[in-house]
Amino acid sequence: MTYNATVEPILRGTGIFATFWVVLSILVTIVISTCTKKDTAADRCGHVQTGLVGAGLTAFCCYLMWVCTFLHQWRPLIAPTLD
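Once you know that position 38 of the sequence shown is 131 in our numbering, the rest is easy, because the numbers rise by one and skip nothing.
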């Protein structure tokens, strides 16, 4: 039983994932900036930083879950035996 041993699927998935989260982070920054126009500059900066940290931590956790799930299915340790 042979398996595809290239890392190309992981790199492609990582690129798609990173692109998605970069776009989402930019959108979060724009939304927070427009929704907090009445606040002072320091408060607005704090809101944007909190949003970006939240988006970054969410992206990291989702990516880690995706990579673990992908790797568990990519090269299974237990395979059916063919008699």
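The beta-carbon is built from N, C-alpha and C at its ideal position, and this holds for glycine as well. Treat the numbers as computed from the prediction; the structure is a model and nothing was measured.
**Asked** Which residue's Cα is closest to the Cα of Phe110: Lys130, Ile125, Thr122 and Trp159?
**Response** Trp159
**Enclosing alpha helix (DSSP H) for Arg137 [first to last residue]** = Ala134 to Trp167
**Request:** Figure out for me which residue from His140, Ile103 and Ala148 has the closest Cα to the Cα of Leu117.
**Result:** The closest CA to that of Leu117, considering only His140, Ile103 and Ala148, is found on Ala148.
**Asked** What does a CB cutoff of less than 7 Å around Ser177 pick up in its chain, not counting 5 residues either side in sequence?
**Response** Residue coverage of the chain in this structure runs from 94 to 176, which leaves residue 177 outside it and unanswerable.
**Beta-carbon gap between Gly144 and Val121 smaller than 7 Å** = yes
**Asked** Using a threshold of 6 Å, is the CB atom of Thr112 nearer than that to any non-hydrogen atom of the ligand MN?
**Response** As for the ligand MN, it is missing from this structure, which has no ligand bound.
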